[in-house]
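**Student:** Using full-length UniProt numbering, you'd call the opening residue of the sequence shown number 1 and step up by one each time.
Even for Gly, the Cβ is constructed at its ideal location relative to N, Cα and C.
Here's a structure for you.
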Amino acid sequence: MNKATIITDAITYIEELQKSVEDLTDQLHQMEATSVAEENPNFKEIDAEQGMNKWGLAPEVQVNHIGGTKYWIKIVFQKKRGGLTKLMEAISVLGFDITDTSITTSDGAVLVTLSAEGIHGGLSEADKIKKFLLEVIGNI
């Protein structure tokens, strides 16, 4: 084989790979369009507010000082996309390192209980922490 043949074969192979990529991309787009178009009859969208009201639940935050820089925190809020992420970011902004956590969801409500330890001079008063977290879950 000479250089020209090697280059020609390489070009042919690259063109075949590009065609394969195009075909697979088209198949992926078709699959995505099909899955979006089809509705799952067994899927029931939950109205978070209605679910919480049904059980008499309201957004709630409890903050208990355990000792030193350790706190036990209980939070109940409406289940919404990205809500838990925003809550964890807020706890991080407060200057806490989460040492233990439990998350439960039911009928549109999310219950988060966690133990956290303050790091780098985070908020040290339970009332301030509670007010901040109530504001966060109110904006979720």
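(1) Any idea what DSSP makes of D127, helix, strand or coil?
(2) Near Q30, what residues of its chain come up, given a Cβ to Cβ distance below 8 Å and the 5 sequence neighbours on each side ignored?
(3) Between which two residues does the beta strand (DSSP E) carrying G67 extend?
(4) Hey, how far is the Cα of T113 from the Cα of Q62?
(5) To the nearest angstrom, report how far apart I98 and Y71 are at their CA atoms.
(6) Between S92, L84, K80, which lies nearest to D107 when the distance is taken from Cα to Cα?
(7) Give me the residue from S102, L134, G82, Q78 with the minimum Cα distance to V110.
(8) Helix, strand or coil for I98? Go by DSSP, reduced to three states.
(9) Under the three-state reduction of DSSP, which class applies to G83: helix, strand or coil?
(10) What is the DSSP secondary structure of V103, reduced to helix, strand or coil?
(11) What three-state label does DSSP hand G118 in the structure shown?
(12) Whose C-alpha, out of E125, I7, A116, Q18, is nearest the C-alpha of A101?
**Tutor:** According to the structure data:
(1) Here residue 127 refers to the residue found at position 127 of the sequence shown. Reduced to three states, the DSSP call for D127 is helix.
(2) As a first step, residue 30 must be located in the sequence shown, where it is residue number 30. Closer than 8 Å at the Cβ level, and outside the excluded window around Q30, lies no residue.
(3) Position 67 of the sequence shown, counted from the first residue, corresponds to residue 67. G67 -> beta strand (DSSP E) spans 60-67.
(4) Here residue 113 is taken as the residue at index 113 of the sequence shown, counted from 1. Here residue 62 is taken as the residue at index 62 of the sequence shown, counted from 1. Cα-Cα distance, rounded: 9 Å.
(5) As a working note, residue 98 is residue 98 in the sequence shown. As a working note, residue 71 is residue 71 in the sequence shown. One C-alpha to the other measures close to 10 Å.
(6) To locate residue 107, count along the sequence shown from 1; it is residue 107. Residue K80 is the option with its Cα nearest to D107.
(7) Numbered from 1 along the sequence shown, position 110 holds the residue referred to as residue 110. With distances taken between Cα atoms, V110 lies closest to Q78.
(8) As a first step, residue 98 must be located in the sequence shown, where it is residue number 98. Reduced to three states, the DSSP call for I98 is strand.
(9) Numbered from 1 along the sequence shown, position 83 holds the residue referred to as residue 83. In the structure shown, G83 sits in a helix (DSSP, three-state: H, G or I).
(10) Start at 1 with the first residue of the sequence shown, and residue 103 comes out as number 103. According to the sequence as given, residue 103 is Ile; it is not Val. In this structure, I103 counts as strand in the three-state DSSP scheme.
(11) The residue labelled residue 118 in the question sits at position 118 within the sequence shown. Three-state result, G118: strand.
(12) Sequence index remark: in the sequence shown, residue 101 carries index 101 (1-based). Checking the sequence shown, residue 101 turns out to be Thr, not Ala. Answer by Cα proximity: A116.
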